[in-house]
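For the sequence shown, the working numbering assigns the number 132 to the initial residue and increments by one for each residue that follows.
All C-beta atoms, glycine included, are put in the ideal place defined by N, C-alpha and C.
Model, not experiment: these values are computed from the prediction.
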Amino acid sequence: MHIIVADDHPLFRDALVRLVQQVAPAAEVLEAANAAEVTAALAQAPDAELLLLDLRMPGAQGAASVARWRAEHPGVPIVVVSGSQSAIEAREVLAAGAHGCLRKSTPPELMLDVLAGLLDGSGIDHPALTSSAETPPVAAAPAGLTPRQAEVLVWLGTGASNKYIARALGLAEGTVKLHVAAVLHVLDARNRTEAVARAREMGLT
C-alpha cells in the first residue's frame, strides 16, 4: 500500500505522515514538497491508495492540478488538505475530481477517523470531507457572535446534532457545545429551537 503526502511545510507534512502511519503502519508513505514531486510520486506509485494534497505548494495550480492528476491516475483518491480555502475553492477542487477537502485545523482524532474510513472504505462519505464546500453562508452575525459561532448557528438551523456539527466543521464535540452555549447566551435563547427561531427572524438561517 502506498500513500502520498504532499505539503511544502515540513512540520505539517511530518505530522500528517505520523497520522497516516498510525492508521496504516504497513503503508509506504511517499512525501512531496511541490507539484513536480507529486507527479514523480504518482509515477512511482500509480496504484496509491490515497493522495493527501496541499494545493498551496509551489507549482500547484489549484483545481487544474487536481483535474490533471485525476485524469492521469483516475484510481487514486485525492483529498485536499488546506489551511485556508474558501467554499468556492472547495467546490472547484471537488468538481475537478477531488474526493474531499480537509482543513489543516482538523483535530488529530477526527483526522485519524477520516483517514481510517478512507482507507478501509467505511468513511468515504464522511461529512468532514465536504463541509468546507457545503457549509451554508451566514448573512450577518449578530453582535457578540464570532464567525465560528455564527457558522455553528447556521448548522443548528439544519437540525444537525453537536456530534455531526463537530465532524462537519473539524472540531471537537466539546468545542461545539461551548459554541452552542455562547450562541444561546448571545441570542438570549433558552434552547436550540428558540435560538434557531430567533436567528430565522434575523434572516441568519
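Helix, strand or coil at residue i according to DSSP, with G and I counted as helix
{"i": "residue 231", "result": "strand"}
{"i": "residue 137", "result": "strand"}
{"i": "residue 318", "result": "coil"}
{"i": "residue 184", "result": "strand"}
{"i": "residue 213", "result": "strand"}
{"i": "residue 242", "result": "helix"}
{"i": "residue 208", "result": "coil"}
{"i": "residue 225", "result": "helix"}
{"i": "residue 196", "result": "helix"}
{"i": "residue 288", "result": "helix"}
{"i": "residue 177", "result": "coil"}
{"i": "residue 302", "result": "coil"}
{"i": "residue 190", "result": "coil"}
{"i": "residue 275", "result": "coil"}
{"i": "residue 237", "result": "coil"}
{"i": "residue 270", "result": "Its pLDDT being 47, under 50, residue 270 is placed unreliably in this model, and the value from its coordinates should be taken loosely. Residue state, collapsed to three classes: coil."}
{"i": "residue 293", "result": "helix"}
{"i": "residue 167", "result": "helix"}
{"i": "residue 264", "result": "Caution is warranted here: a pLDDT of 46 is assigned to residue 264, below 50, making its placement in the model unreliable, and no coordinate value can be reported."}
{"i": "residue 155", "result": "coil"}
CB of residue i within 9 Å of CB of residue j, strictly
{"i": "residue 229", "j": "residue 201", "result": "yes"}
{"i": "residue 307", "j": "residue 285", "result": "no"}
{"i": "residue 318", "j": "residue 312", "result": "no"}
{"i": "residue 171", "j": "residue 179", "result": "no"}
{"i": "residue 279", "j": "residue 310", "result": "yes"}
{"i": "residue 291", "j": "residue 303", "result": "no"}
{"i": "residue 162", "j": "residue 137", "result": "yes"}
{"i": "residue 223", "j": "residue 248", "result": "no"}
{"i": "residue 287", "j": "residue 245", "result": "no"}
{"i": "residue 233", "j": "residue 275", "result": "no"}
Environment of residue i [buried if 16+ CB atoms lie within 10 Å]
{"i": "residue 226", "result": "exposed"}
{"i": "residue 149", "result": "exposed"}
{"i": "residue 153", "result": "exposed"}
{"i": "residue 264", "result": "Since pLDDT at residue 264 reaches only 46, below the 50 mark, its modelled position is unreliable, and the value read off the structure follows with that caveat. Burial call: buried."}
{"i": "residue 338", "result": "Residue 338 cannot be examined here, being either before or after the span of the chain that is shown, 132 to 336."}
{"i": "residue 145", "result": "exposed"}
{"i": "residue 349", "result": "Outside the modelled stretch of the chain, which goes from 132 to 336, sits residue 349, for which no answer is possible."}
{"i": "residue 133", "result": "buried"}
{"i": "residue 270", "result": "Low local confidence applies: a pLDDT of 47 at residue 270 is under 50, so the model's placement there is unreliable, with the coordinate-based value given in what follows. It counts as exposed."}
{"i": "residue 142", "result": "exposed"}
{"i": "residue 297", "result": "buried"}
{"i": "residue 159", "result": "exposed"}
{"i": "residue 268", "result": "A caution first: residue 268 carries a pLDDT of 49, below 50, which makes its placement in the model too unreliable to give a value."}
Residue i - partner residues in DSSP beta bridges
{"i": "residue 160", "result": "134"}
Cutoff 9 Å: residue i Cβ touching any chain D Cβ
{"i": "residue 209", "result": "Absence of chain D from the displayed structure is noted, only one protein chain being present."}
(message) So, does the stretch 197-211 touch the stretch 177-187, judging by three or more C-beta pairs under 8 Å?
(response) yes
(message) Within 8 Å, do at least three Cβ pairs link the stretch 187-207 to the stretch 236-250?
(response) no
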